[in-house]
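J.: In our numbering, the protein residues as written are 11 to 215.
Dropping the structure in here first, questions after.
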Ligand SMILES: *[C@@H]1O[C@H](CO)[C@@H](O)[C@H](O)[C@H]1NC(C)=O
Ligand SMILES: *[C@@H]1O[C@H](CO)[C@@H](O)[C@H](O)[C@H]1NC(C)=O
Ligand SMILES: *[C@@H]1O[C@H](CO)[C@@H](O)[C@H](O)[C@H]1NC(C)=O
Ligand SMILES: *[C@@H]1O[C@H](CO)[C@@H](O)[C@H](O)[C@H]1NC(C)=O
């Protein structure tokens, strides 16, 4: 039998994926290269803020002015970081791997300086999934991106044990007997997903 290789490529939606997180969520997944919206509070008006990553102050919002600090105070970061007081949102655009970390926003009443609470959020950066490829025979689904998970469906239904064997990482499928139809592989991670489909026909010989 000849080794038939079929590679289908899908336009990868890998640029500029938005990640929107509320600081009420303790974990935030950000897509590399896209804008990350980290909503620290609903409205910063009347409040001061100190935002730490780990032990380091990364920015202050004081008397209605944002000041980005130290390691975040390099030119590229200054251009990438923005704080929108009206909706309490820290915008990192484009987000990079080095933006990952545990952020803690401390909120103070502007008039009294009294503490008004704090939020902690862990930002995890992931590369979005990219082109999804399928190769026929021992069909292997591949994609780039972090923390990839693969899943398969045949004619829109999840592939069951009767239809195929899956490798332990779900990346490779071996269709049983004469299973035919539209075979779809979906690659996903926490920030994105993509799929590609081939029509598997019964090939004798
Ligand atoms: C934020 O609060 C200030 C002061 O209370 C108010 O003027 C402003 O409209 C608020 N912004 C939004 C988006 O609600
Ligand atoms: C906050 O405001 C910015 C700038 O107008 C906007 O891009 C962003 O989507 C807003 N975020 C929320 C949660 O409203
Ligand atoms: C493989 O797929 C099965 C069924 O969809 C799922 O339960 C399992 O967690 C997946 N394994 C991996 C390593 O993704
Ligand atoms: C494949 O992706 C497209 C576009 O994102 C989506 O509309 C479709 O439902 C997906 N198909 C499957 C089988 O997941």
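We put the CB at the ideal spot given by N, CA and C, even for glycine.
Residue 136 lies in the beta strand (DSSP E); which residues open and close that run?
T.: As a working note, residue 136 is residue 126 in the chain shown. It spans 125-136 - the beta strand (DSSP E) in which residue 136 sits, taken as one unbroken run.
J.: In whole angstroms, what separates the C-alpha of residue 198 from that of residue 115?
T.: Along the chain shown, read from residue 1 onward, the residue named residue 198 stands at position 188. Along the chain shown, read from residue 1 onward, the residue named residue 115 stands at position 105. If you take the alpha carbons of residue 198 and residue 115, they lie about 30 Å apart.
J.: Report buried or exposed for residue 117, applying the criterion of at least 16 other Cβ atoms within 10 angstroms of its Cβ.
T.: Translated into positions along the chain shown, residue 117 becomes position 107. With 16 or more other Cβ atoms within 10 Å, it is buried.
J.: For residue 195 and residue 95, what's the separation of their Cα atoms in angstroms?
T.: Looking up residue 195 in the chain shown gives position 185. Looking up residue 95 in the chain shown gives position 85. Using only the alpha carbons, I get a separation of about 42 Å.
J.: Using the C-alpha atoms, what's the distance from residue 48 back to residue 200?
T.: Along the chain shown, read from residue 1 onward, the residue named residue 200 stands at position 190. Along the chain shown, read from residue 1 onward, the residue named residue 48 stands at position 38. Distance between the alpha carbons of residue 200 and residue 48 is about 16 Å.
J.: Output needed for residue 176: all residues of its chain with C-beta closer than 6 Å, excluding positions within five of it in sequence on either side, in chain order.
T.: Numbered from its first residue, the chain shown carries residue 176 at position 166. Answer for residue 176: 183, listed in chain order.
J.: Measuring only the C-alpha atoms, how far is residue 35 from residue 140?
T.: Numbered from its first residue, the chain shown carries residue 35 at position 25. Numbered from its first residue, the chain shown carries residue 140 at position 130. Roughly 26 Å separates the two Cα atoms.
J.: By DSSP, does residue 173 sit in helix, in strand, or in coil?
T.: Locating residue 173 in the chain shown gives position 163, where the first residue counts as 1. Three-state result, residue 173: coil.
J.: Decide if residue 206 is buried, meaning its Cβ has at least 16 other Cβ atoms within 10 Å, or exposed.
T.: Mapped onto the chain shown, residue 206 falls at position 196. The residue is buried, with at least 16 neighbouring Cβ atoms inside 10 Å.
J.: Would the stretch 122-138 and the stretch 95-111 be scored as touching if the rule is three or more Cβ pairs under 8 Å?
T.: Touching, per the Cβ criterion.
J.: Give me, in chain order, the residues of the same chain whose beta-carbon lies closer than 7 Å to that of residue 39; leave out the 5 immediate sequence neighbours on both sides.
T.: Position 29 of the chain shown, counting from 1, holds the residue named residue 39. Once the five neighbours on either side are set aside, the close Cβ partners of residue 39 are 29, 134, 136, 200 and 201.
J.: Would residue 171 count as contacting chain B if we go by Cβ distances under 8 Å?
T.: Absence of chain B from the displayed structure is noted, only one protein chain being present.
J.: Using the beta-carbon count (16 or more within 10 Å), is residue 179 buried or exposed?
T.: Within the chain shown, residue 179 is the residue found at index 169, counting from 1. Residue 179 comes out exposed.
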